[in-house]
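Presented below is the structure to which this report refers.
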Amino acid sequence: MTTVDTRPPPVTRKRKRRIGSISLSALTWVIAILFVFPLIWMVLTSFKQEADAYTDPPKLVFGPTLDQFAGVIDRGFLPYLANSAGVTAMVTLIVLIFAIPAAYALSIAPVKGTTNALGFFLSTKMLPVVAAIIPLYVISQNMKLLDNVWALVILYTSMNLPLAIWMMRSFFLEVPTEMMEAARVDGANLPTLLYKIILPVVAPGIAATALICVIFSWTEFFYAVNLTAARAGTVPVFLVGFITSEGLYWAQLSAAALLASLPVMIVGWIAQNHLVRGLSMGAVK
Amino acid sequence: MTSSVLPSNVAAREETTPARKQAPARSTTWRRRLPLLPALIFTIVVTQIPFVLTVVYSFQSWNLVRPGSRHFVWLQNYVDVFVDSQFRTALLNTVLLTVFSVLLSMLIGLALALLLDRKMIGRGVVRTLLITPFLILPAAGALLWKTTMFDPTYGLLNFVFGGNTDWLAEWPLTSVIAQIVWQWTPFMMLLILAGLQSQSKEVLEAAQVDGANRWRTFASITLPQLSRYLQLATLLGAIYIVNSFDSIFLMTQGGPGTASTNLPFYIYQRAFQGFDIGQSSAMGVIVVILTMIVATFALRLMFRTFSVTGGVK
Chain A
28 MTTVDTRPPP VTRKRKRRIG SISLSALTWV IAILFVFPLI WMVLTSFKQE ADAYTDPPKL
88 VFGPTLDQFA GVIDRGFLPY LANSAGVTAM VTLIVLIFAI PAAYALSIAP VKGTTNALGF
148 FLSTKMLPVV AAIIPLYVIS QNMKLLDNVW ALVILYTSMN LPLAIWMMRS FFLEVPTEMM
208 EAARVDGANL PTLLYKIILP VVAPGIAATA LICVIFSWTE FFYAVNLTAA RAGTVPVFLV
268 GFITSEGLYW AQLSAAALLA SLPVMIVGWI AQNHLVRGLS MGAVK
Chain B
39 MTSSVLPSNV AAREETTPAR KQAPARSTTW RRRLPLLPAL IFTIVVTQIP FVLTVVYSFQ
99 SWNLVRPGSR HFVWLQNYVD VFVDSQFRTA LLNTVLLTVF SVLLSMLIGL ALALLLDRKM
159 IGRGVVRTLL ITPFLILPAA GALLWKTTMF DPTYGLLNFV FGGNTDWLAE WPLTSVIAQI
219 VWQWTPFMML LILAGLQSQS KEVLEAAQVD GANRWRTFAS ITLPQLSRYL QLATLLGAIY
279 IVNSFDSIFL MTQGGPGTAS TNLPFYIYQR AFQGFDIGQS SAMGVIVVIL TMIVATFALR
339 LMFRTFSVTG GVK
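The listed protein sequences correspond, in order, to chains A and B.
Sequential numbering from 28 applies to the first sequence in our numbering.
Sequential numbering from 39 applies to the second sequence in our numbering.
Next comes the structure, spelled out in structure tokens:
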């Protein structure tokens, strides 16, 4: 490929490459829009009357209405939303309380057996939830924790903790050890070290971990469906109510799906730069 | 856990921390451990006790609708499970679902990541659009696909492709895979994109100067560097997708018949509709053993990846 003579003059080549680049960008846009089209369609359908939701061919132009959102609220959506919000907030708080010191003990001041502890946390993530659901159901029943938000809080905490510890540890490892040593030599005590040197470095990491924790607590389905019902049910449990009546309420279902997903969608958009780190447990940045 | 998977960076850190050099007294050791203990104890109690109980239940004959039926039968449940043809179907479906979902979402994710890994107008917006299917509630995604996409009369798929295929009845497992692939592709894409962006620009430029074309550069430089990320994506994806429950519960209920029943759904059915605690526990134990075989590889890889990418800083 070194036959320079046969190549077209540089200007044409540059223009050709430019056209290629633009068409590749256009292709990317088209694919992206096709890929999210089910969601675009969900948003459109949620503003339709039920009659406009079932047409052949599907309707793109229609008189938008907020009726479906009102219908979702009438169906008793708000208590489920409150349960989800409460569970998510509690889980995130408890996970941070447990995970921050643990991550500290596994990175900045590593304890003996750090590797084993990390391996243990990771291994719990690989136990399939189905293997634990039966005893959990029996225990919850005996402890009067069935259809109780606290059962979910405890389980979601254990589900998110390994992830949070791993992810936070990867942020803690970025704390500059030389700076800490220097500060220690200058006579700084532990609280000062924590506040002045460690916190500024790990604060974004704590925020990112919290956001990931919110996403996972909000979307969890298996425990919620099996351990809660009308009283302590979270948002995914509310959506299950639609399978029995699927043929009739597409527009309302779309509105419910949109309302239920909106909080995590926003959190996810904010946290998108950290999603990889969270999902890969900090193994990849 | 054996020492063979010990991440070198952890070992190195432990050695270089001055306090460790002086062989700390017993009390210091415990003071160092203290911050770790709440998390450790909580995790042991909440995750290990139920699992031990599952093992105990799996040796018992125990049906919730027959009070007083509970007694030890030892390995009988396991024998019953292995001769149960529905269990074998569910096992096969789980393998098919996991393998195809992971492979397809990874291939599409790789293609999307390559498209995104270049300068273009509105790159951030496109990335945000593409990750959104991963962010909506999986339950919402499954219900949307079941209705607005797969419905034989009013679904968008039949509108686009024509015909009046009843997707969920005629192609149940394929339809479930399609929905899972749609949901997991963004995850694969993000992970692979992280891999692409961690490549050193100098090496790529050097290859270009040496006259390598795009395909050569991709095949001989990008792909080998990406392999670790691809492996990690495969394993993490597999760990999550093996446990798929939402899509099957909401879209097909495992049917028609057992055509789309996977192990998590089958165990759920046997436990919560058949109330057979003993046998469903035995199945749970089998799933754990199978997962552990896969997870052993996953653990090793996690530590290796970690020491490569995270150990530098």
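Idealized CB from N, CA, C, for every residue including glycine.
- Counting along the chain, the unbroken alpha helix (DSSP H) around Thr184 (chain A) starts and ends at Val176 to Phe199.
- In terms of Cα proximity to Leu280 (chain A), the closest of A:Trp193, A:Trp68 and A:Ala191 is A:Trp68.
- Each of B:Val280, B:Asn281, B:Tyr192 and B:Ser285 was checked against the Cα of Ile270 (chain A), and the nearest Cα belongs to B:Ser285.
- Of the candidates B:Leu74, B:Ala177, B:Phe256 and B:Thr185, the residue whose Cα lies closest to the Cα of Leu286 (chain A) is B:Ala177.
- For Phe265 (chain A), the enclosing alpha helix (DSSP H) starts and ends at Val262 to Val267.
- Nearest CB-CB separation between Met158 (chain B) and chain A: below the 9 Å threshold.
- Counting along the chain, Asp94 (chain A) sits inside the alpha helix (DSSP H) bounded by residues Asp94 to Asp101.
- Sixteen is the threshold: since fewer than 16 other Cβ atoms of the shown chains lie within 10 Å of the Cβ of Arg258 (chain A), the residue is exposed.
- Secondary-structure assignment with DSSP links Gln98 (chain B) through a beta bridge to B:Phe110.
- Close to Val180 (chain A), with beta-carbon spacing below 9 Å, lies no residue of chain B; the smallest spacing is near 11 Å.
- The C-beta of Asp284 (chain B) comes closer than 9 Å to at least one C-beta of chain A.
- For Arg308 (chain B), the closest of B:Val84, B:Phe125 and B:Thr85 by C-alpha to C-alpha distance is B:Phe125.
- With 16 or more other Cβ atoms inside 10 Å of its own Cβ, Thr246 (chain A) counts as buried.
- Pro65 (chain A) is not a Cβ neighbour of Trp222 (chain B), given a cutoff of 9 Å.
- With respect to Pro263 (chain A), Leu74 (chain B) sits apart: the two C-beta atoms are not nearer than 9 Å.
- Taking Ala276 (chain B) as reference, the option from B:Phe120, B:Arg165, B:Ser123 and B:Ile218 with the minimal CA-CA separation is B:Ile218.
- Under the three-state reduction of DSSP output, Asp204 (chain B) falls in the coil class, being neither helix nor strand.
- Identification of chain B residues near Tyr131 (chain A) by a Cβ-Cβ cut-off of 9 Å yields Pro73 and Leu74, ordered along the chain.
- Around Phe89 (chain B), the beta-carbon contacts reaching into chain A at under 7 Å are Leu154, Ala158 and Ala159.
- Contacts between Ile277 (chain B) and chain A, judged by CB atoms closer than 8 Å, involve Lys152 and Met153 in chain order.
- When B:Phe341, B:Phe225, B:Ser236 and B:Asp204 are compared, the shortest CA-CA separation from Pro262 (chain B) is found for B:Ser236.
- Taking C-beta separations shorter than 7 Å and ignoring five residues to either side along the sequence, the partners of Tyr276 (chain A) in its chain run Glu77 and Phe269, following chain order.
- For Val280 (chain B), the enclosing alpha helix (DSSP H) has its first and last residue at Leu261 to Val280.
- Ala128 (chain B) has a beta carbon lying at 9 Å or more from every beta carbon in chain A.
- Shortest Cα-Cα distance from Leu273 (chain B) to any of B:Leu339, B:Thr81 and B:Phe172 involves B:Leu339.
- Inter-segment contact for the region 87-103 of chain B and the region 308-323 of chain B is present: three or more beta-carbon pairs are separated by less than 8 Å.
- Residue burial annotation: Gln168 (chain A) is exposed, with fewer than 16 other C-beta atoms found within 10 angstroms of its C-beta.
- With fewer than 16 other CB atoms across the displayed protein chains lying within 10 angstroms of its CB, Asp213 (chain A) is exposed.
- Listed in chain order, the alpha helix (DSSP H) elements of length 4 or more contained wholly in the region 229-264 of chain B are 239-247 and 252-255.
- In terms of beta-carbon proximity, Val241 (chain A) stays away from the interface with chain B, with every pair separated by 9 Å or more.
- Close partners of Ser288 (chain A) in chain B (Cβ separation under 8 Å): Leu173, Ile174, Leu175 and Ala178.
- With distances taken between CA atoms, Tyr278 (chain B) lies nearest to B:Val137 out of B:Val137, B:Arg108 and B:Phe89.
- In the DSSP assignment, Tyr304 (chain B) falls within the alpha helix (DSSP H) that extends over Leu301 to Phe310.
- Nearest to Ala112 (chain A) by alpha-carbon distance, out of A:Gly232, A:Asp79, A:Phe74 and A:Cys240, is A:Cys240.
- Against chain B, the beta carbon of Gly295 (chain A) has neighbours under 8 Å at Ile169, Thr170, Phe172 and Leu173, listed in chain order.
- In terms of beta-carbon proximity, Thr184 (chain A) lines the interface with chain B, with at least one pair separated by less than 9 Å.
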